[in-house]
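Participant: First the structure, then my questions, so here it is.
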Amino acid sequence: MAGTGHAQLRDRDDVLLCVKDLVVQFPAGRGRVVHAVSEVSFDVVAGETLGIVGESGCGKSTVARAIIRLVDITAGEVRFQDQDLAGLEGEELRKVRPNLQMIFQDPISSLNPRRRVRDVIAEGLAVWGDDIGSWSRDRIDELMDAVGVEARFGDRRPHEFSGGQCQRIGIARALALDPKVLICDEPVSALDVSIQAQILNLIQDMKSRYGLTVMFISHDLAVVKNVSDRIVVMYLGKVCEIGATEEIYSRPSHPYTRALLASIPEPAPTVDASEGDIGDELPSATAPPGGCRFHTRCPRATEVCLEVEPVTEQVGAEDHYVACHHPVAVEISPR
Amino acid sequence: MSAATRASRQGKESRQRLLRRFRIVRLVRRGRTPEDSPDDAAVRRRLGVGFWLAIVWLVAIAFVALFAPMLPIADPTEVAFGGPRESPSLDAWFGTDALGRDVFSRTMYGARISLAVGGFAIVFGMVVGGALGILAGYYRGRLDQAVGFVFFVLLSFPALVLAILITATLERSLLVVSLTIGILAVAPVGLLARASTLVYAEREFVAAARVLGAKHGRIIVRELLPNVVIPMGALTLLGMAVAVVAEGSLAFLGLSVAGDDAISWGKMIVDGAGLRDLQNATHVAMLPVAVMFVTVLALNFAGDRIRQYFDVKELPF
Amino acid sequence: MAAEATPAPAPLLSVRDLHVRFPTERGTVNAVNGVSFDLYEGRTLAIVGESGSGKSVTAKTLMNLLPRTALVGGDVIYDDQDVRALAAAGTKHFFGVQMTMVFQDPMTSLNPVKKVGEQIAETLRYHLGRSRGEAWDEAEDLLSQVGMPEPARRVSQYPHELSGGLRQRVVIAMALACRPRLLIADEPTTAVDVTVQKHLLDLLDELRRDRGMSMILITHDLGVAHGRADDVAVMYAGRIVETADARTLFFDMRHPYTEALLRSIPRIEDPVKHRLDPIPGRPPELVSPPDACAFAPRCIYAQAGCLDGVPELSGLVGLHRFACLNPTGTERGADALAANRAAGTTAAGLALPAAQAGTG
Chain A
0 MAGTGHAQLR DRDDVLLCVK DLVVQFPAGR GRVVHAVSEV SFDVVAGETL
50 GIVGESGCGK STVARAIIRL VDITAGEVRF QDQDLAGLEG EELRKVRPNL
100 QMIFQDPISS LNPRRRVRDV IAEGLAVWGD DIGSWSRDRI DELMDAVGVE
150 ARFGDRRPHE FSGGQCQRIG IARALALDPK VLICDEPVSA LDVSIQAQIL
200 NLIQDMKSRY GLTVMFISHD LAVVKNVSDR IVVMYLGKVC EIGATEEIYS
250 RPSHPYTRAL LASIPEPAPT VDASEGDIGD ELPSATAPPG GCRFHTRCPR
300 ATEVCLEVEP VTEQVGAEDH YVACHHPVAV EISPR
Chain B
0 MSAATRASRQ GKESRQRLLR RFRIVRLVRR GRTPEDSPDD AAVRRRLGVG
50 FWLAIVWLVA IAFVALFAPM LPIADPTEVA FGGPRESPSL DAWFGTDALG
100 RDVFSRTMYG ARISLAVGGF AIVFGMVVGG ALGILAGYYR GRLDQAVGFV
150 FFVLLSFPAL VLAILITATL ERSLLVVSLT IGILAVAPVG LLARASTLVY
200 AEREFVAAAR VLGAKHGRII VRELLPNVVI PMGALTLLGM AVAVVAEGSL
250 AFLGLSVAGD DAISWGKMIV DGAGLRDLQN ATHVAMLPVA VMFVTVLALN
300 FAGDRIRQYF DVKELPF
Chain C
0 MAAEATPAPA PLLSVRDLHV RFPTERGTVN AVNGVSFDLY EGRTLAIVGE
50 SGSGKSVTAK TLMNLLPRTA LVGGDVIYDD QDVRALAAAG TKHFFGVQMT
100 MVFQDPMTSL NPVKKVGEQI AETLRYHLGR SRGEAWDEAE DLLSQVGMPE
150 PARRVSQYPH ELSGGLRQRV VIAMALACRP RLLIADEPTT AVDVTVQKHL
200 LDLLDELRRD RGMSMILITH DLGVAHGRAD DVAVMYAGRI VETADARTLF
250 FDMRHPYTEA LLRSIPRIED PVKHRLDPIP GRPPELVSPP DACAFAPRCI
300 YAQAGCLDGV PELSGLVGLH RFACLNPTGT ERGADALAAN RAAGTTAAGL
350 ALPAAQAGTG
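Residue numbers (numbering that gives the first Met the number 0), protein chains in the order written: chain A, 0 to 334; chain B, 0 to 316; chain C, 0 to 359.
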């Protein structure tokens, strides 16, 4: 199947989060099933930023939501610090939650319009039993200061803030519980271009200030490159390519990765613009193509791609894995 | 093409109006550095004169209803206070009915039951319907199906027949009549609560609360309730208007609160709706009708203004 | 049409001093404040700006699509005709024929309960008086021209059966049905994925060239404007702050906003984990703006003069124009920046770290 395999998983002691053969399916009525995420595996090392990139419908957001258990996991495991989150329920699950926090795409929708921003940020502390006493009030002020929202505006409601400031408030809320992992789901795509850089820098700053491990999900290749140490490229619920950011961008090997890089308005120099011509039609996720899921649009597809699903294999000597029968040869640059 | 005609009007007027606007606009607040305040344009909304007129009327009616026995008005049950079917005069402002009772005084006393039934019914509908609707909308699944079934049964069952059934079998006390109307309010209010809960439950702030580890109860109370209750609360006055009319309808069938001293607007209208009254003394029915009409109008108007007022704009233009 | 070689051909579209105001409960929103530009036959003008910059309102004004409450001032001349007068007179067969528009969300322009072929055919029948049969055949032909795979099958499908990219192709086919001379594309690719975006932009470009159309491309994405437009106008707070041919604008810009915007965007050729250079602050309020350069509070070049009146666009229409007193890339701008760095703050009170030299 296109993009299974565990070659990319690292055998290291500092792996904080390990997703193995994750499957997420949704019922689509009339007995059909949406194959949102199909046997996806990757891991995140403590202190690392992992970028997940792909187009709409590739399952990148579903992966994030499955990890923090906002959607049900159909199969597979999500190992966080020796605990399989996939098997947790009820109170056990609730107890792990503070460790994994999330920033959402739409800053306005992610804040309750009827609550004051101070209460929004303090919600985590309130849930875990801290009364909004003086100690946590200091903590809230500190957080507001850290994300760049003046503490004196704490009594205002979200609609009095701009989108960028709402996103800052959302970040403060996520950080209040001292999480280990921060999952950012398209955190800047709803923001104005002149604000995006502020938020991207802020996420970086918060990462180093609070020692976070970050998963960063985006459709924007330039944004992902800007923040990530390692990158997963997804297509139709599968992993196409995974590896160190520098590797992926300088030696893209999967035809889909290359198509993405060739499609952006100012294409990357490593690919030819014609490689972006892969047809408009994303196959249905209720009946994904057999073999390699990308074969319907792939310029390099052959018989074997229709039949056999590729497994991730290392290409080159560096941290670079690709799930493709006909990967584009990447020359090993002299180091 | 309506777009074109629209623009024509604009074209002619726009220049002069623009110039005027420019001057006015320049005078209003100027010079704020963007980072200084998130948005100090505190959204100024107005409820308007009509709203306050409506409120004055409602407060007056409520005051009269509460303190009717202490007010210097005639005993509403005193038969032959004046002659039968006397026209309105300085002694009896609304005239007298067939038994010579003071219609004005009866109208004032009638407000007690009408408002009590209206208020109690809508509170019952809000609490029960609201709770069921929110729970159904939040938990979805089986609970939603069960609650939805109950709502649709309630809606499909002829309201009047249900009301007749209940009031005819039980004693027609204030509580029973209010409850009857209240039960009828459960399904519409519940469906509304369910619909707005569904909308808010999809919002990412609910997901964020779950990620923070908030339990279901907390999410319902802290995140959903404030959003669902305020628009619903604004509908209280609208609902009360409906309930007041419903009481009138029950009274017309002789099914409102029993007893001669239990005066309600609905019962007064029935009293005045005999053929002889309608021909010779229209005031006996029409004046209570007028008071009821103005009250219902005031409830509707005030309710609608409040609904608009609390319609939070989340995106400042 | 014979190509006339007159020394100075009249522009196809000429906009002069366009103002648009919206009265709202919070006060009058000054959405467009004196926008002027020319568009010549066969050229593409990209209007670039953030939300609230007035770019979409400008486009809607041209197409006579503003809500009733909007107050409009200024002139829009299309091929010697006064467009606002045409709109006022309720002229048929102008909007949608001479000038057409493609919107961001294709579903806003498509009727969900009608076959796409019918919708295209309807346009042809209404504006061009085609018969039912002719219109249907032509619709199919148009679909194949916009690169719709299997046009014969697609023509009788409903919008919901098509992907986002294909829907947008239908909208483009509808827009082109009456052979317009001017196509206004308002964020045509914002709702679609990058691989589809490339195809749509290529398609629009190709169609424009083949048909000799002019195009106004409204976008928030400088990358989209880059390489697709002949001329670019950058809007901020309802004004054009800089306009030039694309090359000049991207490589020899004068307005600090253009410069800051280009600097703040992450680019694919930047090194991994490259620290971005954000624009401080946020876009201004459009209700009662101060009588000053709208960008001054966020501008590292700002001087006292910037806070005293709104700077006018320099130069002549059609040339490189910018509305800035201390333009970047000039001596004046360099001096202003040096002075601000020395003082540690701009005249508008923006704190400047002393480090990091050079203007760019």
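Think of the CB as a built atom: it goes at the ideal place given N, C-alpha and C, for glycine as much as any other residue.
As the structure is a prediction and not an experimental result, all values here were calculated from the model.
(1) Name the residues in the stretch 171-204 of chain C whose C-beta lies less than 8 Å from a C-beta of chain A; which are they?
(2) Who are the near neighbours of A:Arg-172 in its chain, counting only those whose CB is closer than 7 Å to its CB and skipping five residues on each side?
(3) Going by the DSSP bridge assignment, what does C:Asp-372 pair with across the sheet?
(4) Taking the CB atoms as reference points, tell me whether B:Val-227 and B:Ala-284 lie closer together than 8 Å.
(5) Looking at the unbroken alpha helix (DSSP H) that takes in C:Gln-144, where does it start and where does it end?
(6) By how many angstroms is the C-alpha of C:Thr-57 removed from the C-alpha of C:Thr-218?
(7) Name, please, each residue of chain A whose Cβ falls closer than 8 Å to the Cβ of B:Arg-217.
(8) Consult DSSP for A:Ser-188 and reduce its assignment to one of helix, strand or coil.
(9) List, in chain order, every chain C residue whose beta-carbon is nearer than 7 Å to that of A:Asp-184.
(10) Does the beta carbon of B:Pro-225 sit closer than 8 Å to a beta carbon anywhere in chain A?
(11) If you draw a straight line from the alpha carbon of A:Ser-108 to that of C:Val-240, how long is it in whole angstroms?
(12) For chain A, find out if any of its Cβ atoms is closer than 8 Å to the Cβ of B:Leu-211; answer yes or no.
(13) Around the C-beta of C:Met-214, are 16 or more other C-beta atoms found within 10 angstroms, so that it is buried, or is it exposed?
(14) Is there a C-beta anywhere in chain A that falls below 8 Å from the one on B:Arg-202?
(15) Indicate whether at least one CB of chain B lies closer than 8 Å to the CB of A:Pro-112.
(16) Leaving out the 5 sequence neighbours to the left and right, which residues in its chain are closer than 8 Å to A:Leu-201 when beta-carbon positions are compared?
(17) Between B:Thr-281, B:Ala-64, B:Arg-100, B:Leu-178, which lies nearest to B:Gly-81 when the distance is taken from Cα to Cα?
(18) If you reduce the DSSP assignment to three classes, tell me which class A:Pro-298 lands in.
(19) Strictly below 9 Å CB to CB, what residues from chain A border C:Pro-361?
(20) Can you find a CB in chain A that lies within less than 8 Å of the CB of B:Ala-208?
(21) Output, in sequence order along the chain, the residues in the stretch 41-52 of chain C whose CB is closer than 7 Å to any CB in chain A.
(22) Look up A:Lys-224 in the DSSP assignment and say whether it is helix, strand or coil.
(23) I need the straight-line Cα distance from C:Asn-63 to C:Leu-202, nearest angstrom please.
(24) Does at least one heavy atom of the ligand SAM sit under 7 Å from the Cβ of B:Arg-275?
(25) So, A:Leu-181 versus A:Gly-56, is the Cβ gap smaller than 8 Å?
(26) What is the C-beta distance between B:Ala-73 and B:Ser-104, in whole angstroms, given that I count them as a contact (C-beta under 8 Å)?
(27) Could you give the distance in angstroms between the alpha-carbon of B:Ala-61 and the alpha-carbon of B:Leu-114?
(28) Tell me whether A:Asn-225 is buried or exposed, calling it buried when 16 or more other Cβ atoms sit within 10 Å of its Cβ.
(29) Going by CA-CA distance only, name the one from C:Pro-105, C:Gln-156, C:Arg-262 that's closest to C:Val-170.
(30) Is there a Cβ of chain B sitting closer than 8 Å to that of A:Glu-54, yes or no?
(31) Can you look up C:Gln-167 in the DSSP assignment and give me helix, strand or coil?
(32) Buried or exposed: where does A:Ala-284 fall if 16 or more other Cβ atoms within 10 Å of its Cβ makes it buried?
(33) Taking the C-alpha atoms as reference points, what is the distance between A:Gly-28 and A:His-34?
(34) From C:Ala-174 to C:Gln-144, what distance separates their C-alpha atoms?
(35) Any idea if B:Trp-264 is buried or exposed, counting beta-carbon neighbours within 10 angstroms, 16 or more meaning buried?
(36) List, in chain order, every chain A residue whose beta-carbon is nearer than 7 Å to that of B:Glu-222.
Facilitator: So, from the data block:
(1) Asp-192, Val-193, Thr-194, Val-195, Gln-196, Lys-197, His-198, Leu-200
(2) Val-119, Ile-120, Glu-122, Gly-123
(3) Chain C is shown only over 0 to 359; residue 372 of chain C falls outside these bounds and no answer can be derived.
(4) No, the Cβ-Cβ distance between B:Val-227 and B:Ala-284 is not below 8 Å.
(5) 131-144
(6) Roughly 12 Å between the two C-alpha positions.
(7) Val-126
(8) A:Ser-188 carries a coil assignment under DSSP once its states are collapsed to helix, strand and coil.
(9) Within 7 Å Cβ-Cβ: nothing; A:Asp-184 doesn't reach chain C, min ~17 Å.
(10) Closer than 8 Å to the CB of B:Pro-225 there is at least one CB belonging to chain A.
(11) 32 Å
(12) yes
(13) Classified as buried, C:Met-214 has 16 or more neighbouring CB atoms from the shown chains inside 10 Å of its CB.
(14) yes
(15) yes
(16) Val-146, Gly-147, Arg-167, Ile-170
(17) B:Arg-100
(18) coil
(19) Absent from the structure is residue 361 of chain C, since the part of chain C shown begins at 0 and ends at 359.
(20) yes
(21) Glu-49, Ser-50
(22) helix
(23) 26 Å
(24) Annotation note on the ligand SAM: not contained in the displayed structure, which lists no ligands.
(25) no
(26) 4 Å
(27) Those two C-alpha atoms are separated by around 8 Å.
(28) buried
(29) C:Pro-105
(30) no
(31) In the three-state scheme derived from DSSP, where H, G and I count as helix and E and B as strand, C:Gln-167 is classed as helix.
(32) buried
(33) 13 Å
(34) 12 Å
(35) buried
(36) Residues of chain A whose Cβ lies closer than 7 Å to the Cβ of B:Glu-222 are, in chain order, Asn-111.
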